[in-house]
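The structure under discussion appears below in the form of structure tokens.
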Amino acid sequence: MPLFRRKADRRTALDEPAKKDLAMRLVSSAENSSLDWEAQYAYLEDIGDGRGYTGGIIGFCSGTSDMLALVELYTQRVPGNVLAGYLPALVAVNGTESHRGLDPGFPEAWRQAATTAAFRQAQRDERDRGYFDPAVARAKKDGVGTLGQFVYYDAMVMHGPGTDPLSFGGIRDRAREHAATPAEGGDETTYLNAFLDARVRAMRQEEAHSDVTRVETAQRVFLGEGNLDLDPPLNWQVYGDSYEIG
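Residues in the sequence shown are numbered from 130 upward in steps of one, following our numbering.
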């Protein structure tokens with residue numbers, strides 16, 4: 130198992146373009162069983178997790194408001210687009226697993242929208258606004274490096290940015306009950322292990338998230354290697370599938 134040494138001159142950050150692309154590939158391995166995250170703009174299905182339709186590059190959900198926010202943004206930019214007519218239905222099903230008003234035409238409309246540059250850009254912008262930028266900003270304030278920033282981002286994508294015990298904020302609060310952040314004078318590896326422990330605990334509260342390999346055979350592996358800058362080569366497993374970035 131390789132051991133990584135922190136660079137003496139500088140640390141990387143997840144918002145650097147190469148690292149951000151790497152982060153998207155890691156998330157895609159867990160969300161879509163593929164490293165090709167840019168092939169996921171057209172993805173849409175109900176995965177049976179109680180969140181309705183899941184779609185796009187980070188799994189926007191019709192039941193958790195982020196899909197609604199995405200289609201609203203797209204419609205602000207492109208009035209009369211093929212998804213605009215589904216806005217009332219997206220409002221109505223928000224917070225539920227229902228497809229009422231979305232079936233049967235919404236999946237095909239989503240795939241049609243995904244052929245346009247404007248919808249793909251809207252997905253990237255909403256990803257950044259709702260998940261990537263807040264996660265990286267919070268991680269930097271907590272004093273963690275690129276791996277920690279990814280750990281925060283992946284948790285925010287899956288659990289949402291809320292403050293309840295099963296959301297990102299609650300997971301972070303529980304981690305800080307057991308270890309101080311580096312910004313608070315704590316050891317980075319110790320804190321990140323505490324965060325991953327708290328996340329695994331949260332994941333196991335939901336049947337749809339009970340497989341914790343995206344943590345235990347991916348993020349925990351990088352942490353165990355001392356790869357705090359998330360530098361390639363990376364080797365990991367999710368749901369029993371093996372991946373490599375050289």
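All C-beta atoms in this analysis are idealised placements derived from N, C-alpha and C, irrespective of residue type, glycine included.
Rounded to the nearest whole angstrom, the C-alpha separation of G369 and T342 is 8 angstroms. Judged by DSSP secondary structure, Q366 falls within the beta strand (DSSP E) whose first and last residues are 363-367. A residue is called buried once 16 or more other Cβ atoms fall within 10 Å of its Cβ, and E160 is buried on that count. Assignment of I300 by DSSP, reduced to helix, strand and coil, places it in the helix class. The bridge partners DSSP lists for F189 are G184.
If you draw a straight line from the Cα of D195 to the Cα of G185, it comes to about 11 angstroms. Segment contact: the region 198-210 against the region 161-174, fewer than three CB-CB distances shorter than 8 angstroms; contact not assigned.
DSSP, read as helix, strand or coil, puts D358 in coil.
DSSP places Y372 within a strand segment (E or B) once states are collapsed to three. Note on G314: under 16 other CB atoms within 10 angstroms of its CB, so exposed under the neighbour-count rule. In this chain, D175 is not harboured by any alpha helix (DSSP H); it is covered by the beta strand (DSSP E) spanning 173-175. The beta carbons of G274 and D358 sit about 6 angstroms from each other, so the pair counts as a contact at 8 angstroms. The beta carbon of L295 sits closer than 8 angstroms to the beta carbons of H288, A331, Q334, E335 from its chain, once the five residues preceding and following it are set aside; these are given in chain order.
Restricting attention to G179, D178, D150, the CA atom closest to the CA of D165 is found in D150.
For S163, same chain residues with a beta-carbon under 6 angstroms away, outside a window of 5 residues either side, are S157 in chain order. By the CB criterion at 8 angstroms, V211 and A251 fall outside the cutoff. Judged by DSSP secondary structure, W239 falls within the alpha helix (DSSP H) whose first and last residues are 235-242. The alpha-carbon separation between E255 and D316 amounts to approximately 33 angstroms.
Its Cα nearest to that of V350, the residue L321 stands out among A218, L321, E167, Q205. By alpha-carbon distance to G272, the top candidate from R301, G224, T310 is T310. Going by DSSP, H288 is part of the alpha helix (DSSP H) stretching over 275-288. In the three-state scheme derived from DSSP, where H, G and I count as helix and E and B as strand, L197 is classed as helix.
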